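Novice: Got a structure for you, written out below as structure tokens; questions coming shortly.
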Amino acid sequence: MSEAGGDDTKQSAVEKAAVAARESARRAAEKRKIELATAAVTEAASPEPSSAAPLVPLLDCAHVYQRYPSPKGGYQVVLNDINLFVPKHDFITVVGPSGCGKSTLLRLVLGSEAPWQGTLNVRGKHIEHPDRNRGIVFQKYSLFPHLTVLGNVVFGLELDGTWLLQKWLTWPVYRSTHHKRYVEQAMGYLRAVGLDEHAKKYPHQLSGGMQQRVAIAQAMAMKPDILLMDEPFGALDPGTREALQITIMETFQQQEITIFFVTHDMEEALFVGNRLVVLSTYYEPDDPEQQGAKIVMDVPTPKDTRTSVKATAHFQEFIAEVRRCGFDPEYRQKISEFDLRAAEAAHKLR
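For the sequence shown, our numbering assigns the number 18 to the initial residue and increments by one for each residue that follows.
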């Protein structure tokens, strides 16, 4: 009898412990529910913190000055306090009187020159030297005469993607892997500039306009963030020039790339670009001893890609205004009067 009573007592104790454990778990679950509900209410009532990362601009030129030694002694300032903020990919055309520093600005962005004062950054990194992220196309066609059109475009891809002698030491494997891929990529860029049917020709077999298209394909194949073009169509006839204008506009639309396009042709500058920068020494300085060109206009351009827009009254009036503000020695604005609408809009995106 005593053993049975002992067993009953033990069973009763176990049951009580189980009930207590279940009750403790239930209370803990209820407490957790209340905590979660309270946290949800608090989070909903609290202002949501901004998750947007600060904008890192594609290009930021801040207070840039450049000078060169003068034959008369001392220095001549060419660029005076240049500020150019490019938050994202854009097509920027640069015009100005001869000798005002347009090509100098391109060389600074390329990294082949260092500024006297100021900073130039690409994607937040200081420009110290040229690199593959910034390509350039000159007026003079930079092609290898001993290579075909296709070979000229493939050459840069091979240099960038293979190690020294890899092509020759592993040719059978290389030809069926790396080389095949580079040829496919190069043909894609030649199709983009309308030269895929001329891939096997040599540069001397091409017209000037076709050679320049190869140079553009060369530069584009490296996928630079910024493509610098220094009067690339200056030596071409009007028909070829207009055809290449359309080609480079289409290329810009197809690729995520920023183009800096220097030209002396005002009509071309307004037609191909989205943003016009006018460099000029014709302004009224705050200090009479100031030297060097400033950005006297930084404005958006017409968004019409039809060639017929060049003949419209609005387009011609735009050209006349640019000539007056940047090219007329008799018309000198104060610095506070510069039209910098595009720069102001860009800075709002900071």
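Cβ atoms here follow ideal geometry from the backbone N, Cα and C, with glycine treated the same way.
Bear in mind the structure is a predicted one, so any value in this text is a computation, not a measurement.
Can you have a look at K119 and say buried or exposed, based on whether 16 or more other CB atoms are within 10 angstroms of its CB?
Specialist: Numbered from 1 along the sequence shown, position 102 holds the residue referred to as residue 119. It counts as buried.
Novice: Within the same chain, show all residues whose beta-carbon is closer than 7 Å to that of A238, passing over the 5 residues directly before and after it, in chain order.
Specialist: Position 221 of the sequence shown, counted from the start, is the residue given in the question as residue 238. Only V170, G173, L174, Q202, A203, Y206 meet the Cβ criterion.
Novice: Figure out for me which residue from L357, G226, F161 has the closest Cα to the Cα of I99.
Specialist: As a working note, residue 99 is residue 82 in the sequence shown. Answer by Cα proximity: L357.
Novice: Grab the span of the alpha helix (DSSP H) containing R340 for me, first residue to last.
Specialist: By one-based count along the sequence shown, residue 340 stands at place 323. Start and end: 330 to 344.
Novice: Give the single residue among D247, Y299, R323 whose Cα lies nearest to the Cα of P346.
Specialist: For the purposes of this step, residue 346 is taken as the residue at position 329 of the sequence shown. Residue Y299 is the option with its Cα nearest to P346.
Novice: Going by Cα to Cα distance, which pick from Q228, Q222, T264, L253 is closest to V210?
Specialist: The count along the sequence shown starts at 1 and reaches residue 210 at position 193. Ranking the options by Cα distance to V210, first place goes to T264.
Novice: Write down the C-beta distance between V94 and Q308 rounded to the nearest angstrom, noting that I regard them as a contact closer than 8 Å.
Specialist: On the sequence shown, position 77 is the one that residue 94 refers to. On the sequence shown, position 291 is the one that residue 308 refers to. Sure, about 4 Å apart at Cβ, within 8 Å.
Novice: Once DSSP output is grouped into helix, strand and coil, what is the label at I144?
Specialist: Position 127 of the sequence shown, counting from 1, holds the residue named residue 144. Three-state result, I144: coil.
Novice: Kindly list the residues whose CB is nearer than 8 Å to the CB of L167, restricted to its own chain and excluding five residues on each side of it in sequence; keep chain order.
Specialist: Locating residue 167 in the sequence shown gives position 150, counting from the first residue. The residues are V200, A203, M204, L207, A216, K217.
Novice: Tell me whether the segment 128 to 143 and the segment 322 to 336 touch, counting them as touching only if at least three CB pairs, one residue from each stretch, are closer than 8 Å.
Specialist: No contact exists between the segment 128 to 143 and the segment 322 to 336.
Novice: Are L245 and L75 touching if we call contact CB-CB under 8 Å?
Specialist: Counting from 1 along the sequence shown, the entry for residue 245 is found at position 228. Counting from 1 along the sequence shown, the entry for residue 75 is found at position 58. No, the pair does not count as a contact, with Cβ atoms beyond the cut-off.
Novice: Three-state secondary structure (DSSP) at V73?
Specialist: The count along the sequence shown starts at 1 and reaches residue 73 at position 56. If DSSP states are grouped into helix, strand and coil, V73 belongs with coil.
Novice: Between the C-alpha atoms of Q271 and A236, what's the straight-line distance to the nearest angstrom?
Specialist: As a first step, residue 271 is located in the sequence shown; it is residue number 254 there, counting from the start. As a first step, residue 236 is located in the sequence shown; it is residue number 219 there, counting from the start. Cα-Cα distance, rounded: 15 Å.
Novice: How many whole angstroms separate the CB atoms of N138 and D242, which I take to be in contact at a CB cut-off of 8 Å?
Specialist: As a first step, residue 138 is located in the sequence shown; it is residue number 121 there, counting from the start. As a first step, residue 242 is located in the sequence shown; it is residue number 225 there, counting from the start. With a Cβ gap of about 12 Å, N138 and D242 do not count as contacting.
Novice: Using C-beta distances below 6 Å, list every residue in its chain close to F355, excluding the 5 sequence neighbours before and after it, in chain order.
Specialist: Looking up residue 355 in the sequence shown gives position 338. Closer than 6 Å at the Cβ level, and outside the excluded window around F355, lie V313.
Novice: Going by DSSP, what residues sit across from G152 in a beta bridge?
Specialist: In the sequence shown, residue 152 corresponds to position 135, counting from 1. Beta-bridge pairing links G152 to L244.
Novice: From F155, G290, D247, pick the residue whose C-alpha is nearest to that of F108; which is it?
Specialist: In the sequence shown, the residue the question calls residue 108 occupies position 91. Among F155, G290, D247, the Cα nearest to that of F108 is on G290.
Novice: Would a C-beta distance cut-off of 8 Å place V103 and G343 closer than the cut-off?
Specialist: One-based indexing of the sequence shown puts residue 103 at position 86. One-based indexing of the sequence shown puts residue 343 at position 326. No, Cβ-Cβ distance for V103 and G343 is not below 8 Å.
Novice: Have a look at L212, D213, L176 and flag the residue whose alpha-carbon is nearest the alpha-carbon of H195.
Specialist: Sequence index remark: in the sequence shown, residue 195 carries index 178 (1-based). That would be L176, whose Cα lies nearest to the Cα of H195.
Novice: Using only the alpha-carbon positions, how far apart do V294 and L253 sit?
Specialist: Counting from one through the sequence shown, the residue named residue 294 turns up at place 277. Counting from one through the sequence shown, the residue named residue 253 turns up at place 236. Their backbone Cα atoms lie some 23 Å apart in a straight line.
Novice: If I follow the unbroken beta strand (DSSP E) through P317, where does it start and stop?
Specialist: What you label residue 317 is simply residue 300 of the sequence shown in a count that begins at 1. Per DSSP, P317 belongs to the beta strand (DSSP E) from 311 to 317.
Novice: Would you kindly work out how many angstroms separate the C-alpha atoms of Y158 and L212, rounded to a whole number?
Specialist: Here residue 158 refers to the residue found at position 141 of the sequence shown. Here residue 212 refers to the residue found at position 195 of the sequence shown. Taking the straight line joining both Cα atoms gives about 15 Å.
Novice: Give the range of the beta strand (DSSP E) segment to which S297 is assigned.
Specialist: Within the sequence shown, numbered from 1, the residue matching residue 297 stands at position 280. 292 to 297 is the span of the beta strand (DSSP E), which, as asked, contains S297.
Novice: Suppose you measure from the CA of H146 to the CA of S115; what does that come to, to the nearest Å?
Specialist: As a first step, residue 146 is located in the sequence shown; it is residue number 129 there, counting from the start. As a first step, residue 115 is located in the sequence shown; it is residue number 98 there, counting from the start. Computed Cα separation, rounded: 26 Å.
Novice: Could you tell me which of H221, A131, A360, R124 sits nearest to T165, measuring between CA atoms?
Specialist: As a position in the sequence shown, residue 165 is number 148, starting the count at 1. The residue with the shortest Cα to Cα distance from T165 is H221.
Novice: Out of L223, H281, S224, A79, state which residue places its alpha-carbon closest to the alpha-carbon of D247.
Specialist: Sequence index remark: in the sequence shown, residue 247 carries index 230 (1-based). Looking at the Cα atoms, H281 is the closest of the given residues.
Novice: Alpha carbon to alpha carbon, how far is L287 from Y348?
Specialist: Taking the first residue of the sequence shown as 1, we reach residue 287 at position 270. Taking the first residue of the sequence shown as 1, we reach residue 348 at position 331. Rounded to the nearest angstrom, the two C-alpha atoms are 21 Å apart.
Novice: Need the endpoints of the beta strand (DSSP E) that I352 sits in, please.
Specialist: What you label residue 352 is simply residue 335 of the sequence shown in a count that begins at 1. Unbroken run through I352: none, as it is neither H nor E.
Novice: What separation, rounded to the nearest whole angstrom, lies between the Cα atoms of K351 and Q83?
Specialist: Looking up residue 351 in the sequence shown gives position 334. Looking up residue 83 in the sequence shown gives position 66. Going by the C-alpha atoms only, they are around 21 Å apart.
Novice: Using only alpha-carbon positions, find the residue among N97, R198, R124, G152 that is nearest to D304.
Specialist: Position 287 of the sequence shown, counted from the start, is the residue given in the question as residue 304. Nearest C-alpha to D304: N97.
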